[in-house]
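Here is the structure we will look at, set down as structure tokens.
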Amino acid sequence: MKKLHFCLGMVALGSSLMLSVPTHAADNFTFDTKSDPHNMLMFQIDHQGFSHSIGFFNKFEGQIYLDTDNLENSSVDVSIDITSLDIAGDEVWNNRTLAVFFENSRLPTANFRSTKVEDKGNGKLAITGDLTLMGVTKIVVLDATLNKVKQSKSAGLKAGFSATTQLSRKDFGITAVPDNGNEVSMTIEIEAVKTDS
Numbered sequence: 014m015k016k017l018h019f020c021l022g023m024v025a026l027g028s029s030l031m032l033s034v035p036t037h038a039a040d041n042f043t044f045d046t047k048s049d050p051h052n053m054l055m056f057q058i059d060h061q062g063f064s065h066s067i068g069f070f071n072k073f074e075g076q077i078y079l080d081t082d083n084l085e086n087s088s089v090d091v092s093i094d095i096t097s098l099d100i101a102g103d104e105v106w107n108n109r110t111l112a113v114f115f116e117n118s119r120l121p122t123a124n125f126r127s128t129k130v131e132d133k134g135n136g137k138l139a140i141t142g143d144l145t146l147m148g149v150t151k152i153v154v155l156d157a158t159l160n161k162v163k164q165s166k167s168a169g170l171k172a173g174f175s176a177t178t179q180l181s182r183k184d185f186g187i188t189a190v191p192d193n194g195n196e197v198s199m200t201i202e203i204e205a206v207k208t209d210s
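Encoded structure:
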């Protein structure tokens, strides 16, 4: 009987300890600014049918709330510095593009804030959100993949994401140079590190 009481007591104690240990299933992450080569916001647009122009926005930051137990509880909030535009490292083209397409940086910041995350299985996500660009807000869906959540060698717990989407520049009132394509393809690569808050 004493053995039975002892065993029951150990089970109760173990259960109590399990309940008191946090699972860390849901955490806040911030884009890893120390991993610039691994964070990328690239766009591609048709150039009058001859080729595709490729460019980048080099400055952007974001916060991710990641619930690994229920990915649909997750969210993301991103801010993009439009003036950090980089087209093949050509300063002349950068300035011309900012002047023609973005009205000399009249509204220099774009924002994306998720409103819904759908778990498609195997790390695949459909992230719906509001993108505000040039003062216009439209619904955008990111076709995303959660690549990995793991302790890194230098930055602690890290989460890696890849995503793509397509935008219509006319939807945001960007109609300059109509001979260029309207559809803009976006490719996004993100590494984010866990924060305390």
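Here my numbering is used: the first residue of the sequence shown is 14, the next is one more, and so on. Even for Gly, the Cβ is constructed at its ideal location relative to N, Cα and C. Note that the coordinates shown come from a computational prediction; the quantities given were computed from them, not determined experimentally.
Out of the options, point me to the one whose CA is closest to residue i's CA.
| i | options | result |
| --- | --- | --- |
| residue 192 | 45, 50 and 58 | 58 |
| residue 60 | 208, 130 and 197 | 197 |
| residue 200 | 56, 85, 114 and 106 | 56 |
| residue 157 | 179, 106, 105 and 146 | 179 |
| residue 176 | 66, 47, 38 and 52 | 52 |
| residue 148 | 122, 139, 169 and 97 | 122 |
| residue 164 | 205, 71 and 83 | 205 |
| residue 117 | 96, 129, 103 and 137 | 96 |
| residue 209 | 114, 146 and 169 | 169 |
| residue 182 | 207, 173, 146 and 155 | 146 |
| residue 136 | 43, 167, 173 and 104 | 173 |
Would you say residue i faces chain D, with C-beta separation under 8 Å as the test?
| i | result |
| --- | --- |
| residue 50 | Within the model displayed, chain D is absent; a lone protein chain is all it includes. |
May I have the straight-line CA-CA distance separating residue i from residue j, to the nearest angstrom?
| i | j | result |
| --- | --- | --- |
| residue 162 | residue 141 | 21 Å |
| residue 184 | residue 87 | 27 Å |
| residue 73 | residue 63 | 30 Å |
| residue 120 | residue 189 | 16 Å |
| residue 195 | residue 134 | 32 Å |
| residue 94 | residue 124 | 9 Å |
| residue 151 | residue 171 | 30 Å |
| residue 159 | residue 77 | 12 Å |
| residue 138 | residue 45 | 21 Å |
| residue 207 | residue 155 | 22 Å |
| residue 92 | residue 98 | 14 Å |
| residue 130 | residue 75 | 16 Å |
| residue 47 | residue 71 | 13 Å |
State the start and end residues of the unbroken beta strand (DSSP E) segment that holds residue i.
| i | result |
| --- | --- |
| residue 190 | Premise fails: residue 190 is in no beta strand (DSSP E) and is neither H nor E. |
| residue 39 | 39-44 |
| residue 139 | 137-146 |
| residue 168 | Looking at the DSSP string, residue 168 is not in any beta strand (DSSP E), and its letter there is neither H nor E. |
| residue 183 | Segment: none, residue 183 is in no beta strand (DSSP E) and carries neither H nor E. |
| residue 200 | 196-207 |
| residue 60 | 53-60 |
In chain order, what residues of the same chain lie with their CB nearer than 6 Å to the CB of residue i, ignoring the 5 residues before and after it?
| i | result |
| --- | --- |
| residue 126 | 90, 142 and 143 |
| residue 202 | 53 and 175 |
I'd like the list of long-range same chain contacts for residue i, defined as Cβ closer than 7 Å, with 5 residues on each side in sequence excluded.
| i | result |
| --- | --- |
| residue 100 | 66, 68, 106, 107 and 110 |
| residue 80 | 38, 39, 86 and 87 |
| residue 128 | 141, 142 and 143 |
For the ligand PLP, any of its heavy atoms closer than 7 Å to the Cβ of residue i?
| i | result |
| --- | --- |
| residue 137 | No copy of the ligand PLP occurs in the structure displayed, which carries no ligand at all. |
Below 8 Å CB to CB, which residues in the same chain sit around residue i once its five sequence neighbours on both sides are set aside?
| i | result |
| --- | --- |
| residue 114 | 182, 187, 189 and 190 |
3 or more residues per run - each beta strand (DSSP E) lying fully within the region 64-127
If we require 3 residues or more, the beta strand (DSSP E) runs fully inside the region 64-127 come out as 64-70, 73-80 and 88-94.
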